[in-house]
Amino acid sequence: MIRLKKGRILFFWSLLLWGIGAQTATAQDGTNVVTSDFESWISAGIRLKVHKKWTFELSEQIRFNRNSTQVDQYFTNLAIGYEPFKFVEFGGAFRFSQYNEGDGSYSPHYRINADVTFKHQIKRFSFDYRLRYQFRNELGVTSIEGDYLKHGFRLRAKAKYNIKKIPLEPSFAVEMFSEYEKYTLPVVDKLRFTAALAYDFKKYGKVKLFYNLEQELFTAYPKTVGIIGLGYVYTIKIKKKK
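Heads up: the sequence shown is residues 1 to 242, going by the numbering used here.
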C-alpha cells in the first residue's frame with residue numbers, strides 16, 4: 001500500500017513537471033517566445049526582532065528558470081516591518097539583484113517597495129491583505145538608452161491556518177500584479193496563486209515549502225510558470241534588560 005502511494009506521488013509530480021515544463025511559441029516575426037516554464041526558488045535569511053513592533057530581515061535568494069536548469073537571478077533583500085497595532089503593519093524593503101542576460105553575463109538591478117498590510121483573525125484562521133507599491137530599475141543604463149523606471153502595484157490576499165498543538169502552518173494566497181513604465185498604462189498583467197506549508201522549529205528557525213502558479217494576462221503570448229520553492233528564516237529576539 002505504501003509503495004502504491006509513493007508511486008502515485010511520483011507519478012503526480014512527474015506529470016506536473018511535464019505539464020509546466022519550458023515550452024515556446026513562434027511569434028509572427030519568427031522569434032521564439034517562452035510560454036511556459038518550471039522554476040525553483042531557494043532562500044535563506046535572518047530576522048531580527050528588536051521590539052514587539054519592529055522587525056528587520058536580511059535574506060539571500062537564488063532563482064532558477066528553464067526547467068530549473070539555469071540561474072535566472074540572485075539577490076540580497078533587506079526589509080523592515082513596523083506593526084503599531086495588531087490589525088495593521090507597515091513595511092519596506094530594498095533589493096539588489098543580478099539578472100541573467102542569457103549570454104553568460106549578469107546585469108545589476110535594484111528594487112524598492114513599500115507595503116501596508118491589514119490583518120484579522122477568525123478562530124484558528126488568520127487573514128491578511130497586503131497592498132504593495134514598488135519600483136525597480138537597471139543600474140548603469142539611462143532612459144536615453146531605453147531603460148525606464150518600472151513602477152507597479154501588487155495586491156495580495158492570504159489565509160493561514162494554525163493547527164492545534166502542531167507547529168505546521170498551511171496557507172494559501174492570491175496576488176494581482178500591475179506593472180507599468182513610461183508610455184504604458186497600469187493594468188493587471190499577472191496573477192500568482194501560492195500554496196505553502198511552514199514548519200517552525202522554534203530555536204532552529206522556520207522552514208517553508210511552497211508552490212506558486214503564475215499566469216500572465218492580456219498579452220499575445222501569455223506565459224504560465226510553475227514555481228516550487230524552499231525558504232529558511234532564523235529569528236533572533238532581543239530581550240529587554242529588566
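C-beta: ideal position from N, C-alpha, C; glycine also.
Q. How should GLU60 be labelled, buried or exposed, when 16 other C-beta atoms within 10 angstroms of its C-beta is the threshold for buried?
A. Exposed, by the Cβ-count rule.
Q. Thinking C-alpha only, which one of THR142, TYR110, ALA173 is nearest PHE135?
A. Comparing Cα positions, the closest option is TYR110.
Q.
For LYS119, which residues in the same chain have their Cβ closer than 6 Å to its Cβ, ignoring the five residues on either side in sequence?
A. The answer, listed in chain order, is PHE87, ASP128.
Q: State the Cα-Cα distance for the pair PHE153 and SER178, rounded to the nearest angstrom.
A: Approximately 5 Å, taken between the alpha carbons.
Q: Classify ILE163 as helix, strand or coil using the three-state DSSP reduction.
A: DSSP places ILE163 outside both helix and strand once states are collapsed to three, so it counts as coil.
Q) In or out: GLU39 buried (at least 16 other Cβ within 10 Å) or exposed? A) Per the 10 Å Cβ criterion, buried.
Q) For LYS203, does the three-state DSSP call read helix, strand or coil? A) Helix.
**Q.** Simplified DSSP state of MET1, which is helix, strand or coil
**A.** Unreliable placement is indicated for MET1, whose pLDDT of 40 sits below 50; no coordinate value is reported for it.
(Q) Between which residues of its own chain and ASP200 is the CB-CB distance below 6 Å, once the five residues before and five after are set aside? (A) Excluding residues within five positions, the ones whose Cβ falls inside 6 Å are PRO167, LYS206.
Q.
Residues in the same chain with beta-carbon distance under 8 Å from ARG124, minus the five sequence neighbours each way, listed in chain order, please.
A. Hits under 8 Å: TYR161, ASN162, ILE163, LYS164.
Q) On the three-state DSSP scale, how would you describe SER36? A) Three-state result, SER36: strand.
Q | Same chain, Cβ closer than 7 Å to MET1, neighbours up to 5 away in sequence not counted | A | Since pLDDT at MET1 reaches only 40, below the 50 mark, its modelled position is unreliable, and no value is offered.
Q) Quick one, which of TYR106, PHE85, ASN100 has its alpha-carbon nearest THR117's? A) Of the listed residues, the one whose Cα sits closest to THR117 is PHE85.
**Q.** Through-space distance from TYR148 to GLN215, alpha-carbon basis
**A.** CA-to-CA, the gap between GLN215 and TYR148 works out to about 24 Å.
Q: State the start and end residues of the unbroken beta strand (DSSP E) segment that holds VAL188.
A: First-last for VAL188: undefined, no H or E at that position.
Q. Thinking just about the alpha-carbon of each residue, which of ILE122, GLN73, GLY91, TYR133 is nearest to the one in PRO108?
A. Considering only alpha carbons, the answer is GLN73.
Q: Could you give the DSSP three-state label for SER171: helix, strand or coil?
A: It is a strand residue.
Q. Is the segment 37-53 touching the segment 64-83 in the sense that three or more CB pairs, one from each, lie closer than 8 Å?
A. At 8 Å Cβ cutoff, the stretches touch.
Q.
In this structure, how does DSSP classify ILE42 when only helix, strand and coil are distinguished?
A. The DSSP-derived three-state label of ILE42 is strand.
(Q) With a threshold of 6 Å on Cβ separation, who are the neighbours of ILE46 within its own chain once the five nearest residues in sequence on each side are excluded? (A) Counting only Cβ-Cβ distances below 6 Å, and skipping sequence neighbours, we find LEU58, TYR234.
Q.
Spatial neighbours of ILE80 within its chain, please: C-beta separation below 6 Å, excluding the five flanking residues on both sides.
A. Excluding the 5 residues flanking it on each side, ILE80 has same chain C-beta neighbours closer than 6 Å at PHE56, GLY92, in chain order.
**Q.** Distance between beta carbons of LEU131 and LEU155, contact taken as under 8 Å
**A.** Yes, LEU155 and LEU131 are in contact; Cβ-Cβ is about 6 Å, under 8 Å.
Q) In the structure shown, what three-state DSSP assignment does SER97 receive? A) In the structure shown, SER97 adopts extended strand secondary structure according to DSSP, grouped into three states.
Q: Determine the burial state of LYS52: buried for a count of at least 16 other Cβ atoms within 10 Å of its Cβ, exposed for fewer.
A: Exposed, by the Cβ-count rule.
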